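K.L.:
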Amino acid sequence: MTTVGALTPIIRRATPAEIDTVAAVLAEAFLHGDLAPWLILNVDTREKVYWPYFRLLAEVAQAAGWIDVTDDLAAVALWYPVGDRFDVEFPNYDTRLAQACGQHLHRFVALDQIMHEHHPTGTPHHYLAHLGVHPDRQRQGLGSALLKHHHGQLDAIGMPAYLEATSSRHGVFYRRHGYLPRPGYRLPKGPELYPMWRRPRSAWEAR
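Quick note on UniProt numbering: the sequence shown kicks off at 1 and runs consecutively.
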C-alpha cells in the first residue's frame, strides 16, 4: 500500500533549463481551459499558439518572479512579487507576444489589459498568475501542494496573495486554500473572471 507521505511531492524552483518543460505543462493544462475558446476557438490552432505563448510567460516569470514546480515537473505555478501595483517589464514582450499569437493577438492583448486594469493596487502581495497541472496528473493533489508550499512562505512574512480564477468551480478550489472572492469582471464578449485575495495566516490559524 502506498503511504500518504509517499504521495507528498517535493516542491522546488524551476531552473532556466526547464523553461521548455514548464511551458509544455502549462500549454497542456490550459488547452481546454475556461478561457481557451475565447482566446482561440479552433483547438488545433490554439495548440500551436499556446506553446510559444506559455514559453514567453514562463520566461517572464523566471526573470521577474518565481516558478515553483513539483520535482517531476508535472505541475507548475508562476508567481510574481507585487509592490504598489503590478507592473512587469520584459524585453521585447510585445514583439514576442505578437510572434506567438499571430492573428489572434488582439484577444491576448485584451486579456493582459483588462487583468492589469483590475489588479489590486496599494498593498504589496504575491500574484499567482498561473497554476497548471499536466492533464495526466490532475486530481492528485499537486496543485494543492504547490499552493501550500508558497503559502507557507507568505504566511511566514505576513504577505497576502492574489489570483484570478477562471470559473466558479476553480473559485471553490481556491477558497479551500484561504482565498476569498473579490468583485468579478467579464472579458469583452467573453467569460467572467473571478478575482480572489488571500490574507496571510498566523501560526495559530494554520494549525
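Positions of the beta carbon are idealized from the N, C-alpha and C atoms, including for glycine.
Quick caveat: nothing in here was measured; it's all calculated off a predicted structure.
Here's the rule I'm using: 16 or more other beta-carbon atoms within 10 Å means buried, otherwise exposed. How should A27 be labelled?
P.N.:
Buried: at least 16 other Cβ atoms inside 10 Å.
K.L.:
Here's the rule: buried if 16 or more other CB atoms are within 10 angstroms of the residue's CB, otherwise exposed. What is R107?
P.N.:
Buried, since its Cβ has 16 or more Cβ neighbours within 10 Å.
K.L.:
Per DSSP, L193 is paired with what?
P.N.:
According to DSSP, which records beta bridges pairwise, L193 is partnered with Y185.
K.L.:
Can you tell me where the alpha helix (DSSP H) holding Y174 begins and where it ends?
P.N.:
It spans 168–175 - the alpha helix (DSSP H) in which Y174 sits, taken as one unbroken run.
K.L.:
Relative to the alpha-carbon of I40, which residue among Y162, R175, L73, Q103 has its alpha-carbon at the smallest distance?
P.N.:
It is Q103.
K.L.:
Quick one: grab the DSSP three-state call for T21.
P.N.:
Here T21 sits in helix by DSSP.
K.L.:
With DSSP run on the structure shown, which of helix, strand or coil describes I11?
P.N.:
The answer is strand: DSSP assigns I11 an E or B state.
K.L.:
Please classify L146 as buried or exposed, where buried requires at least 16 neighbouring CB atoms within 10 angstroms.
P.N.:
Buried: at least 16 other Cβ atoms inside 10 Å.
K.L.:
If you measure between the beta carbons of Y127 and Y80, is that distance less than 8 Å?
P.N.:
A contact, by the Cβ cut-off of 8 Å.
K.L.:
Helix, strand or coil: which one does DSSP assign to V88?
P.N.:
Here V88 sits in coil by DSSP.
K.L.:
Within its chain, find whatever has a CB closer than 8 Å to the CB of L187; leave out the 5 residues flanking it on each side and keep chain order.
P.N.:
Once the five neighbours on either side are set aside, the close Cβ partners of L187 are L35, W38, A110, L111, I114, L193.
K.L.:
Under 8 Å by Cβ, that's how I've got T166 and G33 pegged, so tell me the actual separation to the nearest angstrom.
P.N.:
So it is a contact: roughly 6 Å between Cβ atoms.
K.L.:
With DSSP run on the structure shown, which of helix, strand or coil describes T70?
P.N.:
The answer is strand: DSSP assigns T70 an E or B state.
K.L.:
With Y50 as the anchor, note down where its alpha helix (DSSP H) starts and where it stops.
P.N.:
43–64 is the extent of the alpha helix (DSSP H) around Y50.
K.L.:
Tell me whether Y158 is buried or exposed, calling it buried when 16 or more other Cβ atoms sit within 10 Å of its Cβ.
P.N.:
The sequence shown places Gly at residue 158, not Tyr. Looking at its Cβ environment, which holds fewer than 16 other Cβ atoms inside 10 Å, G158 is exposed.
K.L.:
Looking at C-alpha atoms only, which residue of G65, K148, L31, D68 is the closest neighbour of P52?
P.N.:
Comparing Cα-Cα distances from P52 to each of G65, K148, L31, D68, the minimum goes to L31.
K.L.:
How should A98 be labelled, buried or exposed, when 16 other C-beta atoms within 10 angstroms of its C-beta is the threshold for buried?
P.N.:
Exposed: under 16 other Cβ atoms inside 10 Å.
K.L.:
Just tell me which of I10, A61, T8 has its CA closest to the CA of A23.
P.N.:
Comparing Cα-Cα distances from A23 to each of I10, A61, T8, the minimum goes to A61.
K.L.:
Compare the C-alpha of L163 against each of P135, G190, F86 and name the closest.
P.N.:
When only C-alpha atoms are compared, the closest one is F86.
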